[in-house]
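Undergrad: Quick note: the sequence shown uses the UniProt record's numbering, first residue 1, plus one each step. Note that the Cβ used here is the ideal one computed from N, Cα and C, for glycine as well. Owing to the predicted nature of the structure, the values given are computational and were not obtained by experimental measurement. Quick one: structure below, then a few questions.
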Amino acid sequence: MPDVIVPAARGHYERLVSLAVDVRADADDSVHQMRVSTRRLRSLLGSYKHAFPSEATRTARAELRWLGSVLGKARDAEVLAERFSALIDAQPGDLVVGSVHQRLVGTQQDLYRAAHASAVESLDEPRFAALCALLDEITSGRHPVPAEVTLRSGLDKAHRQLRKAAKKVRRLLDDGAEAGPALHRVRKRAKKLRYAAEAVAVAEPSAADVGSAAKALQTVLGDHQDGVLARAWIIDTVAQAREDDEDTFTYGLLYATEEQRADRAVDALPQHVKAIRRAYRRLERKS
């Protein structure tokens, strides 16, 4: 296997360590970027797990999941604050009534501050230091990569998993069944394929098209998932507003807008899956 995967993992590890400094300082977009690095590294260690020491890699992936969860609480609040702010600003001024902005945007900003403080505490714990030491070791390049591990092995598996997940969503939608959890799985599979393709593209440039197509699907379904969270918050906030005898008209307007965005994301799913399939076929022809 070309010397690509281990150096890629090393790069993600080094970026993660660097971003921890930015997160502590609450630098702009730092939580987001560190969470992305955490996910990229965990995904790569999963897609190419046989390229790394097995027991240590299992431990590292479990700890990266923990770190992603810690950062995720702050990131989710950050995303929702930005989303609600943009959503409210997009409405005609005379249709925004009551304390909608404070209840939605202000609440998420408060949650972000609390979650960020908690994340910083976690980064100062021995647990994070131990994770960094473990990642430093398994990405050091000192461990031989088995000959049977190939660049395409992880990529092919990720592609098969995505196609299987997408077919399940299509069946659920055709049957009129609830597809929310299945859509979330497709997003995760698209993300896994994207990260594998981006690593492989260093040695096989044609894999970059697969990564780009997977990223497009991930982005669409990421917006869909953010919308799911947003609608849930709107419903909970409406209940509190009613208890306080506030006009809840604007919440209904925002909820309907989010529903329309979700429908568009689902409608776009087939074309994105086809784009990935076409990109993958081109890669196969060039290999």
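In the structure shown, what three-state DSSP assignment does residue 1 receive?
TA: Unreliable positioning characterises residue 1 in this predicted model, as indicated by a pLDDT of 48, which lies under 50. The coordinate reading is nonetheless provided below. Look at residue 1 here: in three-state DSSP terms it is coil, with no helix or strand label.
Undergrad: Rounding to the nearest angstrom, what Cα-Cα distance links residue 270 and residue 156 in this structure?
TA: Straight through space, the alpha carbons of residue 156 and residue 270 are spaced by roughly 20 angstroms.
Undergrad: With distances taken between CB atoms, is the gap from residue 53 to residue 143 smaller than 7 angstroms?
TA: yes
Undergrad: In the DSSP assignment, find the alpha helix (DSSP H) that holds residue 156 and state where it starts and stops.
TA: 151-174
Undergrad: Let me confirm a value: residue 191 is counted as buried when at least 16 other C-beta atoms fall within 10 Å, else exposed. Which label applies?
TA: buried
Undergrad: Please name the residue in 92, 83, 214 whose C-alpha comes closest to that of residue 109.
TA: Out of 92, 83, 214, the CA that lies nearest to the CA of residue 109 is found in 83.
Undergrad: Measuring CA to CA, which of 95, 133, 102 is closest to residue 81?
TA: The shortest Cα separation from residue 81 among 95, 133, 102 belongs to 102.
Undergrad: Please determine, among 230, 133, 71, 57, the residue with the shortest C-alpha to C-alpha distance to residue 117.
TA: 71
Undergrad: May I ask which residues mark the beginning and end of the alpha helix (DSSP H) holding residue 252?
TA: 249-286
Undergrad: Thinking just about the alpha-carbon of each residue, which of 106, 3, 272, 16 is nearest to the one in residue 42?
TA: 16
Undergrad: Starting from the C-beta of residue 31, find all residues in its chain whose C-beta is less than 8 angstroms away, skip the five residues before and the five after it, and write them out in chain order.
TA: 23, 71, 74, 75, 78, 116, 119
Undergrad: Identify every run of the alpha helix (DSSP H) within the segment 78-152, keeping only runs that are complete inside it and at least 4 residues long; order them along the chain.
TA: 107-123, 126-138
Undergrad: If we ignore side chains and look at the alpha-carbon of each, how far apart do residue 213 and residue 193 end up?
TA: 10 angstroms
Undergrad: Tell me where the alpha helix (DSSP H) around residue 178 begins and ends.
TA: DSSP places residue 178 outside any alpha helix (DSSP H), giving it a letter other than H or E.
Undergrad: Just reading off the alpha helix (DSSP H) that residue 50 is part of, what are its end residues?
TA: That residue, residue 50, is in no alpha helix (DSSP H); it is neither H nor E in DSSP.
Undergrad: Would DSSP call residue 21 helix, strand or coil?
TA: helix
Undergrad: Assign residue 167 to buried or exposed, taking buried as 16 or more other Cβ atoms, counted over all protein chains shown, within 10 Å of its Cβ.
TA: exposed
Undergrad: Am I right that residue 225 and residue 184 are in contact with their C-beta atoms under 8 angstroms? What's the rounded C-beta distance?
TA: 6 angstroms
Undergrad: So what's residue 29 in DSSP terms, helix, strand or just coil?
TA: coil
Undergrad: Using only alpha-carbon positions, find the residue among 261, 56, 277, 25 that is nearest to residue 164.
TA: 277
Undergrad: Given residue 264, which residues of its chain have a CB within under 8 angstroms of its CB, disregarding the five upstream and five downstream residues?
TA: none
Undergrad: Label residue 200 either buried or exposed according to how many other C-beta atoms from any shown protein chain fall within 10 Å of its C-beta, with 16 as the threshold for buried.
TA: Classification for residue 200: buried.
Undergrad: Taking the beta carbon of residue 133 as the centre, do at least 16 other beta carbons fall within 10 Å, making it buried, or is it exposed?
TA: exposed
Undergrad: Just to confirm my understanding: we take residue 12, look at its own chain, exclude 5 residues before and 5 after, and list those with CB closer than 6 angstroms. What are they?
TA: 37, 40, 41
Undergrad: Helix, strand or coil for residue 7? Go by DSSP, reduced to three states.
TA: DSSP places residue 7 in the helix class (H, G or I) of the three-state scheme.
Undergrad: Please classify residue 285: is it buried, with 16 or more other beta-carbons within 10 angstroms of its beta-carbon, or exposed?
TA: exposed
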